[in-house]
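Structure, as C-alpha cells:
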Amino acid sequence: MADISQALLDKFGRPARDLRISVTDRCNFRCVYCMPKEIYGTDFPFLPRRELLTFEEITRLATLFSRHGVKKLRLTGGEPLIRRDLDTLIQQLAAIPGICDLAMTTNGSLLTRDRAQQLRAAGLNRITVSLDALNESVFQQMNDVSFPVSRVLEAIEAAAQAGLTPVKINMVVRKGLNDQEIEPMAEYFRGTGHVVRFIEYMDVGTTNGWKLDDVVPAAEILDRVNRRWPVIPENPSQPGEVARRYRYRDGHGEIGLIASVTQPFCHSCTRSRLSPDGRLYTCLFGVDGRDLRELLRSGASDAVLSDVIGSIWTARNDRYSADRQAESPPLPKVEMFRIGG
Ligand code: SAM
Ligand code: SF4
Ligand code: SF4
Numbered sequence: 010m011a012d013i014s015q016a017l018l019d020k021f022g023r024p025a026r027d028l029r030i031s032v033t034d035r036c037n038f039r040c041v042y043c044m045p046k047e048i049y050g051t052d053f054p055f056l057p058r059r060e061l062l063t064f065e066e067i068t069r070l071a072t073l074f075s076r077h078g079v080k081k082l083r084l085t086g087g088e089p090l091i092r093r094d095l096d097t098l099i100q101q102l103a104a105i106p107g108i109c110d111l112a113m114t115t116n117g118s119l120l121t122r123d124r125a126q127q128l129r130a131a132g133l134n135r136i137t138v139s140l141d142a143l144n145e146s147v148f149q150q151m152n153d154v155s156f157p158v159s160r161v162l163e164a165i166e167a168a169a170q171a172g173l174t175p176v177k178i179n180m181v182v183r184k185g186l187n188d189q190e191i192e193p194m195a196e197y198f199r200g201t202g203h204v205v206r207f208i209e210y211m212d213v214g215t216t217n218g219w220k221l222d223d224v225v226p227a228a229e230i231l232d233r234v235n236r237r238w239p240v241i242p243e244n245p246s247q248p249g250e251v252a253r254r255y256r257y258r259d260g261h262g263e264i265g266l267i268a269s270v271t272q273p274f275c276h277s278c279t280r281s282r283l284s285p286d287g288r289l290y291t292c293l294f295g296v297d298g299r300d301l302r303e304l305l306r307s308g309a310s311d312a313v314l315s316d317v318i319g320s321i322w323t324a325r326n327d328r329y330s331a332d333r334q335a336e337s338p339p340l341p342k343v344e345m346f347r348i349g350g
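Just so you know, we're using our numbering here: the sequence shown kicks off at 10 and counts up by one.
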C-alpha cells in the first residue's frame with residue numbers, strides 16, 4: 010500500500026506518529042495516583058480475557074497505523090509484563106514495515122535479567138521503568154503493595170545489560186509524598202547513562218483525587234536539580250518529544266522534565282492510544298474511545314479499518330491540557346491504566 014503518511018494531519022496539523030498500546034488493564038501494583046487500592050480491590054471487574062485484543066488483532070491495527078505514518082509503538086498497561094507470551098507480540102510488531110522504534114513502559118517488577126534479554130531478542134528497542142522514590146518507605150507507600158526499591162533497581166540494570174538503552178526512569182512527583190526524593194533520584198542516576206524523567210502529577214482518570222496543589226511544577230523541579238548540579242537545555246531528540254531535555258554541565262548525563270500540567274505540549278502531540286479492549290483514544294484525557302474491536306470482529310476489511318482510523322485522526326481536535334485552565338469543572342475522563350500512560 011502507498012505511503013499516505015503525508016496526508017494524515019489532524020485539525021491542528023499534527024501528524025499521527027506514535028501509538029501506545031495498552032496490552033492489559035491489570036497491574037500488580039496499586040500506585041496511589043493511578044489505581045488506588047480502595048477502588049481497585051480484589052473484586053474489581055477487570056476485563057475478561059476474551060475482551061482483550063488478541064496479538065493478531067493488535068498487530069493488524071498497528072500495521073494499519075504504520076501505513077498512516079505511525080513510526081513509534083510503545084507497549085504499556087496496566088502492567089504490560091503481566092500479559093502472557095508478550096515476546097510473541099513484540100516479534101510481530103517489530104516486523105511491521107515502517108516501525109522505527111518499539112518501546113515499553115513497565116513498573117519493572119517482573120523484569121529479570123532473562124526476561125530483559127528475551128524482550129530484546131524479540132525485537133524490543135527500549136524500555137522505561139517507573140520508579141517514584143529511592144527511599145524504601147516512600148516507594149512502598151506509593152506502590153501500596155510493599156514492593157521493594159532494590160528489585161526495581163535490579164530491573165533497571167537488567168534492561169541496561171540487555172541493551173534496552175538508554176533506560177529511562179519515570180518518576181511521578183506528588184507534592185508532600187515524594188518531592189523530597191527529587192535530588193536523591195537525580196544524584197543516584199547521574200553518570201549511569203540512565204535518564205530520569207520527572208513527571209508532573211497529572212489529573213488523569215477520576216479516582217486519584219487530583220488537586221493542582223499536589224503538583225510540583227517542572228520549573229521548580231528543574232531549579233532544584235540545577236542548584237545542585239547545573240544543567241543546560243538540550244535539543245529534542247525527535248519531533249513531538251514530550252520531555253524537555255537538560256544535560257548536566259559536568260557531562261554526567263541528562264534528565265527530562267514532563268510538564269504536562271504547567272507547560273502543556275498539546276500543540277505537538279502526535280500520539281494515539283489503543284486500550285486493551287480495542288478502543289482508540291486520541292488523547293490521554295479522552296472520554297470515549299472508538300471501538301475498533303467491534304469492527305475487527307465483525308469482519309471489516311483492512312481498507313474499511315484504515316479509513317476509520319484515518320477519519321478519526323483527521324477529525325482529532327484534542328488539546329485537553331492546553332485547555333485545562335479554561336475548562337471548569339473538568340470533563341469526565343477515562344482511567345489511565347485502561348489506556349496506558
Ligand atoms: N505499569 C507501567 C508503569 O507503571 O510503568 C505502565 C503503565 S503506567 C499507567 C505508565 C506511566 O504513567 C508510569 O510511569 C506512571 O508513573 C505514569 N502515571 C500514572 N498515573 C499518573 C498520573 N496521575 N500522573 C502522571 N503520571 C502518571
Ligand atoms: Fe500499575 Fe503503572 Fe498504574 Fe502503578 S502506574 S498502578 S505500576 S499501571
Ligand atoms: Fe496530547 Fe491530550 Fe496530552 Fe494534549 S492533553 S498532550 S492532546 S494527550
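Where is the CB? At the ideal position from N, CA and C, for every residue including glycine.
Relative to the C-alpha of residue i, which residue among the options is closest?
i: residue 86; options: 106, 69, 117 and 258; result: 117
i: residue 273; options: 219, 312 and 329; result: 329
i: residue 226; options: 296, 266 and 19; result: 266
i: residue 202; options: 194, 261, 294 and 19; result: 261
i: residue 18; options: 319, 143, 162 and 188; result: 319
i: residue 205; options: 213, 214, 192 and 216; result: 192
i: residue 130; options: 163, 96 and 149; result: 96
i: residue 332; options: 243, 292 and 255; result: 292
i: residue 112; options: 311, 172, 125 and 84; result: 84
i: residue 40; options: 168, 271 and 182; result: 182
i: residue 223; options: 254, 243, 257 and 271; result: 271
i: residue 122; options: 167, 241, 82 and 326; result: 167
i: residue 221; options: 241, 214, 254 and 184; result: 184
i: residue 62; options: 42, 289 and 296; result: 289
i: residue 200; options: 100, 157, 160 and 256; result: 256
i: residue 100; options: 64, 88 and 173; result: 64
Just how far apart, CA to CA, sit residue i and residue j?
i: residue 287; j: residue 60; result: 9 Å
i: residue 23; j: residue 170; result: 36 Å
i: residue 13; j: residue 76; result: Note that residue 13 scores a pLDDT of 48, beneath 50, so its modelled location is shaky; the value from the coordinates is reported in the next line. Spanning the two alpha carbons is a distance of roughly 7 Å.
i: residue 58; j: residue 92; result: 10 Å
i: residue 26; j: residue 190; result: 33 Å
i: residue 36; j: residue 153; result: 12 Å
i: residue 98; j: residue 38; result: 23 Å
i: residue 321; j: residue 238; result: 45 Å
i: residue 236; j: residue 263; result: 15 Å
i: residue 323; j: residue 316; result: 10 Å
i: residue 280; j: residue 248; result: 12 Å
i: residue 66; j: residue 79; result: 17 Å
i: residue 338; j: residue 20; result: Unreliable placement is indicated for residue 338, whose pLDDT of 49 sits below 50; the coordinate value is still reported in the next sentence. Rounded to whole angstroms, residue 338 to residue 20 spans 25 Å at the Cα level.
i: residue 196; j: residue 150; result: 22 Å
i: residue 165; j: residue 198; result: 11 Å
i: residue 45; j: residue 155; result: 14 Å
i: residue 31; j: residue 282; result: 8 Å
i: residue 314; j: residue 278; result: 23 Å
i: residue 242; j: residue 187; result: 25 Å
i: residue 29; j: residue 240; result: 30 Å
i: residue 216; j: residue 43; result: 8 Å
i: residue 133; j: residue 163; result: 19 Å
i: residue 104; j: residue 81; result: 13 Å
i: residue 55; j: residue 284; result: 13 Å
i: residue 10; j: residue 158; result: Confidence in residue 10 is poor, its pLDDT being 45 and thus under 50, which makes the residue's placement unreliable; the coordinate value appears in the next sentence. Their backbone Cα atoms lie some 48 Å apart in a straight line.
i: residue 33; j: residue 90; result: 9 Å
i: residue 120; j: residue 300; result: 32 Å
Could you please give me the residues that DSSP links to residue i through a beta bridge?
i: residue 242; result: 255
i: residue 112; result: 83 and 135
i: residue 56; result: Bridge partners of residue 56: none, in fact.
i: residue 286; result: Residue 286 pairs with nothing; no bridge assigned.
i: residue 18; result: 24
i: residue 224; result: 183
i: residue 280; result: 27
Under DSSP, the alpha helix (DSSP H) around residue i begins and ends at which residues?
i: residue 235; result: 227–237
i: residue 9; result: Since the displayed the chain opens at 10 and closes at 350, residue 9 lies outside it and no answer follows.
i: residue 102; result: 95–103
i: residue 296; result: Neither: residue 296 is in no alpha helix (DSSP H) and is coded neither H nor E.
i: residue 309; result: Residue 309 -> no alpha helix (DSSP H), and no H or E assigned at all.
i: residue 159; result: 158–170
i: residue 69; result: 64–76
i: residue 192; result: 191–198
i: residue 272; result: Note, residue 272: premise wrong, no alpha helix (DSSP H); not H, not E.
i: residue 147; result: 145–152
i: residue 331; result: 329–332
Can you determine whether any heavy atom of ligand 5 sits closer than 6 Å to the C-beta of residue i, and answer yes or no?
i: residue 27; result: By its list of ligands, the structure shown excludes ligand 5, since it contains just ligand 1, ligand 2 and ligand 3.
Counting along the chain, where does the beta strand (DSSP E) carrying residue i start and finish?
i: residue 27; result: 27–31
i: residue 180; result: 177–182
i: residue 204; result: 204–209
If we cut at 7 Å on Cβ distances, does residue i have a partner in chain C?
i: residue 169; result: This model lacks chain C altogether, as it is built from one protein chain only.
Report task. May I ask you to verify whether the segment 304–312 touches the segment 37–55, counting CB pairs closer than 8 Å and requiring at least 3? Result -> no
Query - Given 8 Å, three or more beta-carbon pairs between the segment 205–212 and the segment 220–231 - result: yes
Query raised in the report: Does the segment 134–147 come close enough to the segment 175–192 that 3 or more CB-CB pairs lie under 8 Å?
Result: yes
Report task. Inspect the CB distances between the segment 61–80 and the segment 103–121 and report whether three or more fall short of 8 Å. Result -> yes
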